[in-house]
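These notes are about the structure you will find just below.
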Amino acid sequence: MSLIFQNKNLLPLLFIFSLTGCSNTFVQIGGMLKDSVVGLPDDDIPASEIDQSPYSSIYVRVNDSHRAYVLLALAETPLTLPVTSINSQNVELKWISSDAGMLVTRNGRLLKTINLFDGNRINIHSEKTDPVTLGLHLSSTPMQWQSTIDWQPGYHINYQQHSTFTFVSDETLTINDKTVTLKKFNEHVVVANLNIEYDNQFWVDESTGNVIKSYQKIAPNLPYIDITLLKPYGFKDKE
151 MSLIFQNKNL
161 LPLLFIFSLT
171 GCSNTFVQIG
181 GMLKDSVVGL
191 PDDDIPASEI
201 DQSPYSSIYV
211 RVNDSHRAYV
221 LLALAETPLT
231 LPVTSINSQN
241 VELKWISSDA
251 GMLVTRNGRL
261 LKTINLFDGN
271 RINIHSEKTD
281 PVTLGLHLSS
291 TPMQWQSTID
301 WQPGYHINYQ
311 QHSTFTFVSD
321 ETLTINDKTV
331 TLKKFNEHVV
341 VANLNIEYDN
351 QFWVDESTGN
361 VIKSYQKIAP
371 NLPYIDITLL
381 KPYGFKDKE
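Numbering (our numbering), first residue to last: 151 to 389.
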């Protein structure tokens with residue numbers, strides 16, 4: 151048996167299905183992400199519709215803007231990992247809106263954005279594995295991490311960041327009409343060259359380490375983005 155992942159060639163077809171198979175609110179998502187519209191009512195998709203959908207999904211909110219319902223369009227495997235080492239925590243997920251606005255995540259960590267109104271994260275990179283990918287719930291996971299970040303507008307390339315992770319508390323949240331207790335972790339980020347410090351938060355499943363909700367700064371001088379996982383990405387087996 152081998153793991154099957156969505157192929158890049160399926161993206162246009164899948165995206166068409168995404169638009170036609172969901173509520174009309176999805177057609178508007180791209181503009182809402184791109185323009186960070188404030189004052190519109192939040193998308194509030196029934197739990198039954200989310201559960202019955204064949205697509206993984208998230209809620210996304212940029213700062214205080216409209217909360218948008220976004221579907222998964224593509225999952226990509228790390229080229230450097232053997233198939234037996236690939237799991238839901240190290241696959242890159244691409245969430246694409248109707249006007250090609252995109253978020254790229256790995257176990258809830260925001261890696262890249264495209265077509266957001268205020269600016270975009272181009273990349274985040276490190277020689278060490280991200281503690282968020284390793285699983286913040288594990289005692290063996292390092293609580294210190296060095297990374298570099300690139301973003302636009304402007305020429306912001308290879309800015310060094312130092313992260314310190316701390317456990318905050320157990321919190322009970324209601325997501326997709328289900329009550330879940332999650333472990334909340336804080337990531338304190340220092341960008342020394344800019345004299346900027348900020349905090350990200352991650353709410354983690356205590357048994358799997360999967361990030362269910364996050365609140366992350368897109369870049370040191372860009373807004374925050376709130377991401378809530380509604381229906382997780384799952385692997386499929388091929389006989």
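Using N, Cα and C, we set each Cβ at its ideal position, and we do this for glycine too.
I'd like the span of the beta strand (DSSP E) that includes Ala-223, first residue to last.
218-226
Limits of the unbroken alpha helix (DSSP H) element including Leu-282:
According to the sequence provided, residue 282 is Val. The question's Leu does not apply to it. Residues 281-284.
Gly-251: buried (16+ other C-beta within 10 angstroms of its C-beta) or exposed?
When all chains shown are included, Gly-251 counts as buried.
Considering only residues of the same chain and omitting the five flanking positions on each side of Asp-355, which have a CB-CB separation below 7 Å?
Leu-332 and Ile-362
List the whole-angstrom C-beta distance separating Thr-279 from Met-293, where the pair is believed to meet the contact cut-off of C-beta under 8 Å.
So it is not a contact: roughly 13 Å between Cβ atoms.
So who's on the other strand from His-312, going by DSSP bridges?
Gln-296 and Val-340
Spatial distance of Phe-165 from Ala-225 (CA atoms):
Residue confidence is low: Phe-165 scores 40 on pLDDT, short of 50, so the model does not pin down where it sits. No coordinate-derived value is stated.
Report buried or exposed for Pro-281, applying the criterion of at least 16 other Cβ atoms within 10 angstroms of its Cβ.
Pro-281 is buried by the Cβ-count criterion.
Between His-216 and Ser-290, what straight-line distance do the alpha-carbon atoms span, to the nearest angstrom?
38 Å
For Glu-337, does the count of other Cβ atoms within 10 angstroms reach 16, so buried, or fall short, so exposed?
buried
Close Cβ partners of Ile-325 (< 8 Å) along its chain, the five nearest in sequence each way excluded:
Ile-362, Lys-363, Thr-378, Leu-379 and Leu-380
Limits of the unbroken beta strand (DSSP E) element including Ser-364:
361-367
Note down the Cα distance separating Gly-171 from Trp-301, rounded to an integer number of angstroms.
Only weak support exists for where Gly-171 lies, its pLDDT of 38 falling under 50; the coordinates are left without a value.
C-alpha distance - Gln-310 paired with Leu-266, whole-angstrom precision:
23 Å
Buried or exposed for Ile-307, please, with buried defined as at least 16 other CB atoms from any protein chain shown within 10 angstroms of its CB.
exposed
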